[in-house]
Structures are given as structure tokens and as C-alpha cells.
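Just so we're aligned, residue 54 is where the sequence shown starts under the working numbering, counting upward by one.
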Amino acid sequence: MSEVIKIRKGLDIKLKGRADKIFMKAPGSATYAVKPVDFPSLTPKIVAKPCEEVRAGSVIFYDKYRPEIKFTSPVSGIVKSILRGERRRIISVVIEADGKDAAENFKKGDPASMSREEVVENLLESGLWPVIKQRPYGVIASPADKPKAIFISGFDTAPLAPDYDFIMKDQEQDFQAGIDALRRLTEGKIHLGLDARYPAAKAYTQAKHVERHYFSGPHPTGNVGIQIHKIDPINKGEIVWTVKPQDVAAIGRLFQTGKYDPSMIVALNGSEVKKPVYYKLLRGAEISSITKDNLSGDHVRMISGNVLTGRKVEEDGHIGFSDAQVTVIPEGDYYEMFGWIMPGLKKFSVSRTFLSWITPNRQYALDTNLHGGERAFVMTGEYEKVLPMDIYPVALLKSILVDDIDKMEQLGIYEVIEEDLALCEFVCTSKTPVQSILRKGLTDLRKEME
């Protein structure tokens, strides 16, 4: 093992309801959805029309400003509906599955023997290119760019995060084929971040042509942005790409089979889940396909993703494109009078405000209540305690609020996306919407640079 990079700053939020390491095959979902809202800064252009028949791998929509980037159906069936929001913004395209498993054919072969152009074309045509994200900005990578490196975080430290060592079991061949494909996309290194506290999956330890780095510490140690900051920070004008482990394996399956395989392993967890386990399903499946008859109450918040960065979904909604967990916690729409003067033995606190600090290993059934409203944005020093990066987060956010592009660049906006500052939002005494402010800054900066 190489030298372990130890992260001191951060915060582990211990929630009840971690998924047991048991694989379950999810019941078939009646519908599947591909959601443009899962991709920041995407303006979709619809190709498939309502009632039109599609196959797995058929193009549903593409990026209006980068038409080569396509999004494809995870199943064969009929386009049931195109859901729109405010100003006719497309929220999701829903496919009604027909159970026939008809699929489009794509190029099959060893990616190590293909040219970069062939690999890129195969990923674009199959709809798998969107799994490759770009830093800075946290958007879908541009096929025309050549990144200085590609980063893969082999573990996740977010609350109730899935165990990727467990998920990647028996996926050694797929993962290696995916690595071979990614090698054609960069002249730099492929960095693989691993958790030094536990034995890594064989898919990681046996992978060739990667540079392994071991980390230890609290959340957000598992965030790929933190790992980039510690290994090879991003400077102005530089580009790196990031890919999640399951998406690497999906790329590998594409080249081995010539088919778009949208299968995912998702952890269903949270204090309101009766039997939290892992489910194998297809991208964009209905939430109800795994939560039906498995929740403790009716008044709950279902989240596609983790509690810090995930997106709220209704029971008839669908799982996000690359989300590897669904979290269910109590809804917090209640008023608590003088809650701050109570002993708080069952309340989680970052500081020692409540007596719960005397039981550091306690697990909590936290809800969505903010316990207060937004107030003056002041310096408290709380952000710096949970952000293991050499930037000044409060100053960065204030520079975004006043649209000071030069200050944003100087204060390190190129290195961060929402997940990196999610803990700052969680501990914020001012209840400031940190992640939405940061996304606004990233969007504005990208427009300015184009």
C-alpha cells in the first residue's frame, strides 16, 4: 500500500438505517425515466415523441448546444410522457417498458486496440458519455477536450453511502475493460482513490493502468473533488474528468457486449426503511419498485441520492441517472418551540450545544427540519472545520453573490462543485443555501469563459 493521505477536517453524520450487505433483485418497474435535471447546465432537445417505440440504447434527446452528446433509453418500450416544469422546462422523459429487452447494437471489441475517436464515438452513440463529468464546473465532459487526468473515487463517505467494495464484487472484468476505454481518452494518468480503512475490492486492487491512492478520514474524504485537491489540484485552464465506479463498469460492458447495459446496484436505506438492502435494477427505475411495502411511515422524504446532495422525489418518481442510493427519512414540517434550550439527548449537534455529544457513536433518525430560517451570512469559522481544502468558502460564496468573477477564480471556484461544500451548508448557522449559490457561480463563470 502506498502512503495514506490522512484527512483531518470533515464530519461523519451517523444516521440510522444503513443497508445490509444483501443483494435483492428489484421487482420490474413499469416505467423508467431519463431526467435532464440530473445534468447541470443541460438544455435538452427532444428526439423521441410520445407514443413512439424505442429500444434500449435508442436516442431520446440530445444536448441542444452539443448535439453529439446523446441520451438514450434504458429499456425497450413506448415513450409514455414528457414531463415539463416552469417555463416548459423538460423535467423527465418517461418510458413505459414492454418487457421485450430489444436493444440497439453498438461497437464491440477491445477498447485498448481502438483509437480514441472510435472509443469516443461508441460512448456518444450508446448514451454512456454523460457518465463522464468535467472539473471545473461539474458538467458533462466535452468530447473535444483532452483532460490532464481522469479521477475515480472507489469509495463514498456520505451519510449512509453505499459500500462500493461490496457493489463492485465480481465486476473485475467489466471494471478493467472500462479502464482500458478511459485510457484512450487521456494522455495523463487515471487516479483511483481507495479507502485505507478497509480491504479494497478485487476490481480495484487487480486493475491495471491506474495509479492508486489511499485515504482515511471523515466525510468528505470520499468525494472525488477532495481527492483531486490532494493529488493534483486544478488550476485555471486545466481540465480533469471524473467517473463513478459503477459507470466505469458500465463502459466496460458496452465494449464487451456491444449493448448498452443500464443495470445499477442501488442501496435503499434510511431510518424509515423496514429492510434496508441493496437492489439490482436499471437506471431511472421507479422509486416505488423498491420502496413499496417497505417503509415505516407515510409522512417521509424520499431522496434519490444522499441526504446532503440528493434530490427529493415522490413515490411515483424515478431514481437519478447515476445515483447509487435512495434514502428515506422522516419529513420535518413541524414547529418546535424553544427546542434549543432542551437537553437534546437525542439531537445531533456539530458543536456541544446538546448533551448528545457525550455519546459520539450514537446513530440518529434525523428529519428534514431546518430548525430556523435563513439569517445574516456571517463569519463563524464552521465551514473551515468541515472543508479539507485550502480555500476560503465564505469569501468564495460572497464573491459569487456579488458576481465578482475575478475573486471567484482567485478563491478556488475551479476546484469545487456542490458536493464538496454540502457539509458547509449542513453546519451553517445562517441556513445559507450554499449549494445553490455555488451552482449559480459555476454557471455564470462557465458562460463568461465560453
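Backbone N, C-alpha and C fix where the C-beta goes; we use that ideal spot for every residue, glycine too.
The continuous alpha helix (DSSP H) containing Gly-231 extends over residues 225-236.
Going by DSSP, Lys-333 is part of the beta strand (DSSP E) stretching over 331-335. Short of 7 Å from the beta carbon of Cys-104, and not among the five residues preceding or following it, lie these beta carbons of its own chain, in chain order: Ile-131 and Val-132.
In the pairwise beta carbon analysis, the stretch 317-325 is classified as touching the stretch 208-221: at least three pairs are separated by under 8 Å. In the three-state reduction of the DSSP assignment, Tyr-118 falls in the coil class. For the pair Ser-129 and Ala-156, the CB atoms are nearer than the 8 Å cut-off. Taking a contact as a CB-CB distance under 8 Å, the pair Ala-377 and Ile-318 counts as one, their CB atoms being some 7 Å apart. In this structure, Ser-206 keeps its C-beta atom at 8 Å or more from the C-beta atom of Gly-138. Closest in C-alpha terms to Lys-289, from the list Pro-127, Tyr-190, Ile-143 and Ala-429, comes Tyr-190. Closest option to Leu-454, judged by alpha-carbon separation, among Ser-357, Thr-485, Trp-182 and Val-439: Thr-485. In this structure, DSSP gives Gly-130 an extended state, which the three-state scheme calls strand.
The beta-bridge partner set that DSSP reports for Glu-106 consists of Ile-131. A Cβ-Cβ distance of about 6 Å is found for the pair His-272 and Asp-65, placing them in contact under the 8 Å criterion. Beta-bridge partners assigned by DSSP to Pro-200: none are found. Taking 8 Å as the cut-off, the beta carbon of Ala-475 is found closer than this to the beta carbon of Thr-362. By the CB criterion at 8 Å, Glu-368 and Thr-344 fall inside the cutoff.
By the Cβ test, the stretch 282-296 is not in contact with the stretch 340-359, since fewer than three Cβ pairs between them sit closer than 8 Å. Beyond the five residues adjoining it in sequence on each side, Ile-203 comes within less than 6 Å, by CB distance, of Leu-235, Thr-239, Ile-243 and Trp-294 in the same chain, given in chain order. Between the alpha carbons of Val-107 and Ser-126 lies a gap of roughly 7 Å. DSSP, reduced to helix, strand and coil, places Asn-322 within a strand of the structure shown. For Gly-305, there is no enclosing beta strand (DSSP E); the enclosing alpha helix (DSSP H) covers residues 298-310.
The residues Leu-213, Asn-322 and Pro-329, in chain order, have a CB closer than 8 Å to that of Arg-71 in the same chain once the five nearest residues on each side in sequence are set aside.
Within the same chain, and ignoring the five residues on either side of Ala-448 in sequence, the residues whose Cβ sits closer than 6 Å to its Cβ are Leu-464.
Per DSSP, reduced to three states, the secondary structure at Ser-206 is strand. In this structure, DSSP gives Phe-401 a state outside helix and strand, which the three-state scheme calls coil. Residue pairing from DSSP places Met-77 in a beta bridge opposite Tyr-332. Beta-bridge pairing by DSSP links Met-355 to Val-366 and Val-381. Spatial neighbours of Glu-264 in its own chain (CB-CB distance under 6 Å, excluding positions within 5 residues in sequence) are listed in chain order as Lys-242 and His-244. By the C-beta density criterion, Arg-405 is exposed, having fewer than 16 other C-beta atoms within 10 angstroms.
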